[in-house]
Amino acid sequence: MTDPRQGPEKGVTYAAQASLKKLPIPALEDSIKRYLSSVKPFQNPAEYKKTEEAAQAFLKEDGPVLQQRLLDYAADKDSFIEQFWFDSYLNFDNPVVLNLNPFFLLEDDPTPARANQVTRAASLTISSLCFARCLRREELPPDQVRGQPLCMYQYSRMFGTARIPTDHGCHMETDALSKHIVVLCRSQFYWFDVLDENSDIILSEKDLAENFRAIIEDASAIPVGEAAKSAMGVLTSETRQVWADLRSKIQSDQDGSNNKECLSIIDAALFVVCLDDSEPQGKAAVSANMLCGTYDIATGVQIGTCTNRWYDKLQLIVCKNGSAGINFEHTGVDGHTVLRFVSDIYTDTIMRFAKTINPAAPNLWPSMSPDPAKRDPESFGDVDSTPHKLEWTLDQELSNGIRFAETRLSDLILQNEICVLEFTGYGSNYMKSSGFSPDAFVQMAFQAAYYGLYGRVESVYEPAMTKQFLHGRTEAVRSATVESVNFIKRFCENVNPAIKVDALQKACKRHTAITRECGQGQGQDRHLYALYKMHEMRVAAEKKEGRHSPGASDVTVPALFADIAWERVNNTILSTSNCGNPALRMFGFGPTSPEGFGIGYIIKENSISICAASKHRQTSRYLETLSNYFLEVRALIRQVSEVRGSAKPQARPENQQRTRRSGRKVAIATPAAGEEEEEQQDGMLGGYGYFDMESLTRDMQRQQMARQQSREEMGGNAQRRHAVGKRLQLGEYAS
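With my numbering, letter number 548 in the sequence shown gets 556, and the count goes up by one each step, no holes.
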């Protein structure tokens with residue numbers, strides 16, 4: 009495959025790489041202005057004044073110096089943020105499961121014959137191999153937005169890639185020539201070749217199904233206790249340093265074991281297929297299975313699917329009933345990239361079924377792999393398409409490592425709650441017809457529901473794609489704005505409905521404008537984070553030169569980064585991502601803050617699918633509040649539209665007068681016009697009605713003023729400082 013950094017000599021996939029512009033470094037003054045706007049919504053006047061002072065000091069002192077350092081640093085880089093982005097993910101020590109890895113839950117296969125594990129797994133695997141072949145041959149058409157090509161570099165890190173933990177953080181390894189897959193079943197590992205040296209597929213869908221059946225039969229013969237003892241995949245759910253130590257032990261190959269070779273086979277695999285011995289019921293349970301696996305204890309042994317994973321790679325997960333999804337390592341690829349993969353393989357499964365009915369039906373791929381059944385077996389070359397089981401040699405240290413990794417993972421699963429909401433009252437069609445951007449409309453809903461439940465405004469995050477730039481990833485849209493705060497407060501007060509709707513329109517327009525700026529590389533988060541890293545590099549260089557004594561703690565942190573607002577804005581309470589496609593039923597990820605929610609959502613034409621996860625928060629109640637909000641805000645919009653419409657009556661031409669009809673009108677009782685909109689009015693915000701919320705708002709304002717007065721009396725004007733080297737969160741999720 010051609011090096012996507014330099015641009016290809018052939019093929020279409022990377023044809024536009026050489027013409028892509030670099031992600032721009034915004035003007036320092038612009039980023040500071042945007043930053044102040046992003047923190048103002050959740051600060052009181054005294055706090056905001058301190059932040060303004062810190063920002064002005066930064067503009068006069070450290071800011072220009074760090075900006076010039078960043079410009080010099082980025083001169084020979086493909087992207088000024090790329091290495092810092094990788095470092096933020098790869099130096100993350102917490103388990104990747106429930107912290108970094110997102111999931112996609114696919115729609116069910118529309119063909120009844122594939123409504124079981126083996127046939128669905130075989131079908132999706134064949135389609136995945138077709139995608140990988142198309143990518144390697146550089147036949148995959150590049151992504152585009154409104155005719156503009158997007159960077160395709162991430163695709164070169166999708167297959168054959170693994171996250172490798174070491175004593176000094178993780179790194180990514182990619183085997184560009186990989187031709188095998190790994191299959192996990194009942195926590196046991198198997199592998200077999202699926203491609204030849206030319207990346208042509210060497211197995212038919214029927215052959216794959218036979219291999220999967222053989223693997224399931226072999227794994228099912230292993231006693232539950234023995235399978236649990238050799239569940240090596242659970243080690244990838246450990247903290248990265250613990251996993252690095254155990255991985256080093258595995259690679260030592262003591263006593264002539266095959267452990268090192270087994271590990272290499274897994275790392276180099278195109279992807280991992282997880283055949284789960286479970287049938288989770290309900291979308292919440294299925295979503296949780298795709299995100300972190302199931303927790304199921306039998307006679308003291310973990311028999312859930314949580315141990316049937318390898319979280320350091322791209323995983324295709326298929327349940328016994330055919331439900332399927334993707335769990336992916338997020339460092340090298342964003343949701344937008346994996347979404348293209350998921351969309352294409354789902355589409356291909358349908359188109360291949362169509363060809364069984366009509367052989368003249370079109371193909372999704374520009375070229376097709378030769379039919380393996382019609383090829384000379386000798387043409388496959390040095391391949392082995394028979395499944396092989398990976399056998400591990402476990403000493404006491406590794407056995408203990410597996411045991412304790414499983415118990416810690418089980419604790420982690422029980423500490424998180426995953427809930428889903430499938431709101432069917434309306435979707436993007438209604439939002440657009442009412443004059444709102446669907447994404448902005450839903451973003452305001454998240455904030456209104458949170459405020460209604462907790463009475464607070466917090467840091468909100470949504471990613472905006474920047475793949476129109478070379479090696480672009482995402483920029484942070486800080487959805488909480490002065491306009492959104494004004495809206496949610498008006499929404500919770502007993503004011504004229506028109507005031508509420510007008511406030512919603514202004515908030516949505518502001519959100520859309522910010523999103524557009526971020527997509528054009530004119531956001532502030534990535535820029536300011538890069539400046540912070542410049543500060544760290546400057547301090548490290550000074551220490552290396554001996555200008556600071558070892559362990560010195562008196563290094564002055566730039567005022568902007570020492571201010572409390574910097575910490576608060578980076579502690580995302582509502583981490584959200586919009587990742588919609590007809591191939592998906594659900595999408596989600598864990599919370600990025602212990603006090604926060606991770607919210608993945610899909611806005612469909614007539615519905616909204618939301619998956620929310622949190623640690624010890626009222627996740628289901630939050631989603632119920634959100635559902636009630638959607639109903640109430642529609643009632644407000646209708647009420648205002650009717651009033652404004654009646655104010656400007658339009659007479660019908662005489663020849664178009666409505667013909668009178670005889671007969672009694674039949675009342676049509678719809679949920680929207682009946683109990684959902686009227687009886688649930690008081691429940692739209694966590695069980696509180698408008699007047700209750702107005703009273704609560706006044707009480708909270710009085711309490712906030714009292715707390716502020718108390719802080720000032722206690723000398724609360726002292727500026728808070730933080731130690732140099734504090735790791736900041738950049739690892740948010742991409743759409």
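The beta-carbon is built from N, C-alpha and C at its ideal position, and this holds for glycine as well.
Bear in mind that the values here come from a model prediction, so they are computed numbers and not experimental data.
Hey, residue i and residue j are a contact pair by Cβ (cut 8 Å); roughly how many whole angstroms apart?
i: residue 591; j: residue 351; result: 5 Å
i: residue 60; j: residue 79; result: About 25 Å separates the two Cβ atoms, so there is no contact after all.
i: residue 345; j: residue 166; result: 7 Å
i: residue 425; j: residue 286; result: Wrong, their Cβ atoms sit about 19 Å apart, outside the cutoff.
i: residue 526; j: residue 485; result: 5 Å
i: residue 108; j: residue 475; result: The Cβ separation is near 20 Å, so there is no contact.
i: residue 629; j: residue 461; result: 7 Å
i: residue 582; j: residue 454; result: 6 Å
i: residue 271; j: residue 409; result: That pair is no contact at about 14 Å.
i: residue 246; j: residue 413; result: 5 Å
i: residue 337; j: residue 319; result: 7 Å
Alpha carbon to alpha carbon, how far is residue j from residue i? Give it in angstroms, no decimals.
i: residue 335; j: residue 390; result: 31 Å
i: residue 172; j: residue 213; result: 32 Å
i: residue 38; j: residue 496; result: 27 Å
i: residue 618; j: residue 640; result: 18 Å
i: residue 620; j: residue 178; result: 28 Å
i: residue 146; j: residue 137; result: 14 Å
i: residue 98; j: residue 405; result: 25 Å
i: residue 614; j: residue 437; result: 6 Å
i: residue 70; j: residue 553; result: 20 Å
i: residue 193; j: residue 316; result: 6 Å
i: residue 532; j: residue 514; result: 22 Å
i: residue 128; j: residue 56; result: 55 Å
i: residue 218; j: residue 616; result: 38 Å
i: residue 418; j: residue 303; result: 7 Å
i: residue 742; j: residue 500; result: Note that residue 742 scores a pLDDT of 44, beneath 50, so its modelled location is shaky and nothing firm can be said.
i: residue 523; j: residue 339; result: 23 Å
i: residue 312; j: residue 323; result: 17 Å
i: residue 160; j: residue 31; result: 15 Å
i: residue 399; j: residue 626; result: 44 Å
i: residue 372; j: residue 381; result: 21 Å
i: residue 75; j: residue 205; result: 48 Å
i: residue 222; j: residue 267; result: 23 Å
i: residue 325; j: residue 115; result: 13 Å
i: residue 306; j: residue 232; result: 9 Å
i: residue 764; j: residue 534; result: Absent from the structure is residue 764, since the part of the chain shown begins at 9 and ends at 743.
i: residue 576; j: residue 491; result: 20 Å
i: residue 101; j: residue 175; result: 11 Å
What are the partner residues of residue i, as DSSP defines its beta bridges?
i: residue 322; result: DSSP output for residue 322 lists no bridge partner at all.
i: residue 55; result: Answer by DSSP bridge pairing: none, since residue 55 is not bridged.
i: residue 169; result: 182
i: residue 605; result: 582 and 622
i: residue 486; result: 469
i: residue 594; result: 113
i: residue 427; result: 620
i: residue 174; result: 177
i: residue 209; result: 203
i: residue 157; result: 152
i: residue 397; result: 198
Determine the extent of the alpha helix (DSSP H) in which residue i is found, giving its start and end residues.
i: residue 569; result: 567 to 570
i: residue 414; result: 404 to 422
i: residue 346; result: 343 to 365
i: residue 297; result: 291 to 300
i: residue 218; result: 213 to 228
i: residue 73; result: 70 to 82
i: residue 333; result: No alpha helix (DSSP H) contains residue 333, which is instead part of the beta strand (DSSP E) from 332 to 335.
i: residue 449; result: 446 to 462
i: residue 543; result: 533 to 552
i: residue 273; result: 267 to 276
i: residue 512; result: 505 to 527
i: residue 232; result: 232 to 237
Under DSSP, the beta strand (DSSP E) around residue i begins and ends at which residues?
i: residue 198; result: 196 to 201
i: residue 147; result: Here residue 147 belongs to no beta strand (DSSP E), and DSSP marks it neither H nor E.
i: residue 31; result: Run containing residue 31: none; DSSP gives neither H nor E here.
i: residue 478; result: Here residue 478 belongs to no beta strand (DSSP E), and DSSP marks it neither H nor E.
i: residue 254; result: Per DSSP, residue 254 belongs to no beta strand (DSSP E); it is in the alpha helix (DSSP H), 248 to 259.
Against chain B, with Cβ distances strictly below 7 Å, would residue i count as a contact?
i: residue 86; result: Protein chains in the displayed structure number just one, and chain B is not present.
Legend entry - Sequence ranges, beta strand (DSSP E) only - wholly within the region 88 to 125, length at least 3: The qualifying runs are 111 to 114.
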